[in-house]
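**Q**
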Amino acid sequence: MKEGKQEKGQRVIIRNLMIVTLTIVIGIILITIFPDKRVIIVKTAKAYFIEMIMILPAVMIIIGLFSVWVSKEKVKKYLGNASGIKGISLAILFGALPTGPLYIAFPIARELIEKGASISNIVIFLSAWACIKIPQEMVELQFLGLKFMTARLFLTIVFVVIMGLLIERIIGWWDKKGDKSLGGENASF
Amino acid sequence: MTLLVDIKKAKQSLLVAVKSFFRIFPTFIIILLIISILLGFIPKIIIARIIGQQSGIGGILLVSLIGAILHMSAIISFPLAASLIESGASITAVAAFITTLTMVGIVTLPLEIKEMGAKITILRNSISFIIAIAIALIIGLIL
């Protein structure tokens, strides 16, 4: 059992390495064909790499601490299915406070789901992380004006909450359907 | 006694941290390369030109799609959006662009599927896309 798991892990690592190598090769080929793009591609890659290597280890340590120290019961209580409006507000707050690109939030969201947060709250958390950021709103205010910023912020919050609840419904519906068909199969055996 | 327990727990957290780091790292590298190549081949000026020229529902769809494909930090996108409005782009198009840019991530789809599962990822991205257009249309109406 354990060996099988290890083997699977190794296969995934090899596959990942192959995809990374392939992407690097494609990148090098593109740079050789279009040498005038080299500067900007390398510059962008460097900037994103630095951003990533600065934030990622910290985020991973937070996830590690969270996974060991925060109990399932707590997450379930504050962000679970029965958390209601409080859960929604918390999810928005958790998403809006930290800064950083959205892809950083995915591993955090996964950890929260594993600890019992509801799907609606997770979708709301991710969306808040994506576009309800306090520093971001300040920049938007400065460049696009108060009316544009408040209108977009208000509409985003409303739609994001609706989307979270909707996605939870759809997934619940799918799972129910899956259970039924599964039950039918079991019954025929 | 409690200190001992805490050291054990701390080690465990660190282990989780290292593991999740290596689980995600290759996907990050791939995303980073794709973003760099995309931005390398589609400079900001061209994006601005495309968005500035668009109007009507078709135009807004196209602008939203560009926002969904591109990956740019929001802080960079606001000055770009402001210069677009100044040079005559419609508010609706700009709002659609900013909203899909932040909420929908086609480039980061592999990572999102890996972490969140295909169901949530596909639902979240497609509904966000529709929402972005709805938000943009409402902003266009009220502003």
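From first to last, the protein sequence lines are chains A and B. So in our numbering, spot 90 of the first sequence is number 90, and the numbers just go up one at a time. So in our numbering, spot 134 of the second sequence is number 323, and the numbers just go up one at a time. The beta-carbon is built from N, C-alpha and C at its ideal position, and this holds for glycine as well.
ALA284(B) touches chain A at which residues, Cβ-Cβ below 8 Å?
**A** Under the 8 Å cutoff, chain A gives PHE148 and ARG152.
**Q** Between ALA237(B) and chain A, is there a C-beta pair that is closer than 9 Å?
**A** Not an interface residue.
**Q** From the DSSP output, in three-state form, read off LEU290(B) for me.
**A** Helix, per DSSP.
**Q** Does GLY241(B) come within less than 9 Å of chain A when only Cβ atoms are used?
**A** Chain A, which has no Cβ nearer than 9 Å to the Cβ of GLY241(B), makes this no.
**Q** Would a check of beta-carbon distances place GLU73(A) closer than 9 Å to chain B?
**A** No, GLU73(A) does not count as interfacial toward chain B.
**Q** How about LEU102(A) and LEU126(A): do their beta carbons lie closer than 9 Å?
**A** A contact, by the Cβ cut-off of 9 Å.
**Q** Report the option in ALA105(A), LEU22(A) and VAL139(A) whose CA atom is closest to the CA atom of ILE213(B).
**A** Of the candidates ALA105(A), LEU22(A) and VAL139(A), the one whose C-alpha sits nearest the C-alpha of ILE213(B) is ALA105(A).
**Q** List, in order along the chain, the chain B residues whose C-beta lies closer than 7 Å to that of LYS37(A)?
**A** Within chain B, the residues near LYS37(A) are GLY229 and PHE230.
**Q** Using alpha carbons as the reference points, say which of LEU112(A), PHE148(A), ALA128(A) and GLN136(A) lies closest to VAL158(A).
**A** Comparing Cα-Cα distances from VAL158(A) to each of LEU112(A), PHE148(A), ALA128(A) and GLN136(A), the minimum goes to ALA128(A).
**Q** Please state the DSSP three-state secondary structure of VAL296(B).
**A** Three-state result, VAL296(B): coil.
**Q** Threshold first: 4 residues or longer. Then list the alpha helix (DSSP H) segments lying entirely within the stretch 109-139 of chain A, N to C.
**A** Whole alpha helix (DSSP H) segments, 4+ residues: 119-131.
**Q** Is the closest heavy atom of the ligand GDP to the C-beta of VAL68(A) under 8 Å?
**A** For the ligand GDP, the structure offers nothing, since it holds no ligand at all.
**Q** Between the stretch 198-216 of chain B and chain A, which residues of the former have CB atoms less than 9 Å from a CB of the latter, in chain order?
**A** So the list reads LYS198, ALA199, GLN201, SER202, LEU203, LEU204, VAL205, ALA206, VAL207, LYS208, SER209, PHE210, PHE211, ARG212, ILE213, PHE214, PRO215 and THR216, given in the order they occur along the chain.
**Q** When we look at the beta-carbon of PRO35(A) and count the other beta-carbons within 10 Å, is it buried (16 or more) or exposed?
**A** Burial call: exposed.
**Q** What residues from the stretch 101-131 of chain A come within 8 Å of chain B, judged by C-beta to C-beta, listed N to C?
**A** Residues PRO101, LEU102, TYR103, PHE106, PRO107, ALA109, ARG110, ILE113, ILE119, ILE122, VAL123, LEU126, SER127, ALA130 and CYS131.
**Q** Taking 8 Å as the cut-off, does the stretch 81-95 of chain A touch the stretch 128-146 of chain A (at least 3 CB pairs, one atom from each stretch)?
**A** Enough Cβ pairs lie closer than 8 Å, so yes.
**Q** Given this structure, state the Cα-to-Cα distance separating GLY245(B) from SER253(B), to the nearest angstrom.
**A** Taking the straight line joining both Cα atoms gives about 12 Å.
**Q** Express the C-alpha separation of GLU275(B) and THR216(B) in angstroms, rounding to a whole number.
**A** Computed Cα separation, rounded: 38 Å.
**Q** Taking 9 Å as the CB-CB limit, is SER225(B) close to chain A?
**A** Yes - at least one Cβ of chain A is within 9 Å of the one on SER225(B).
**Q** Taking 9 Å as the CB-CB cut-off, is ASN81(A) touching chain B?
**A** Chain B contact via Cβ: absent.
**Q** Please tell me whether VAL25(A) and ILE320(B) are closer than 9 Å, where the distance is taken between their beta carbons.
**A** Not in contact: VAL25(A) and ILE320(B) (Cβ atoms no closer than 9 Å).
**Q** Does DSSP classify ALA278(B) as helix, strand or coil?
**A** Reduced to three states, the DSSP call for ALA278(B) is coil.
**Q** Touching or not, the stretch 254-272 of chain B and the stretch 137-145 of chain A, by the rule of three or more beta carbon pairs under 8 Å?
**A** Yes, since at least three Cβ pairs between the stretch 254-272 of chain B and the stretch 137-145 of chain A fall closer than 8 Å, the two stretches touch.
**Q** Would you say ILE267(B) and VAL59(A) are within 9 Å of each other, going by their C-beta atoms?
**A** For the record, residue 267(B) in the displayed sequence is Phe; it is not Ile. Against a cut-off of 9 Å, the Cβ pair of VAL59(A) and PHE267(B) comes out as no contact.
**Q** What residue range does the alpha helix (DSSP H) around ALA91(A) cover?
**A** From DSSP, the alpha helix (DSSP H) with ALA91(A) extends over 84-96.
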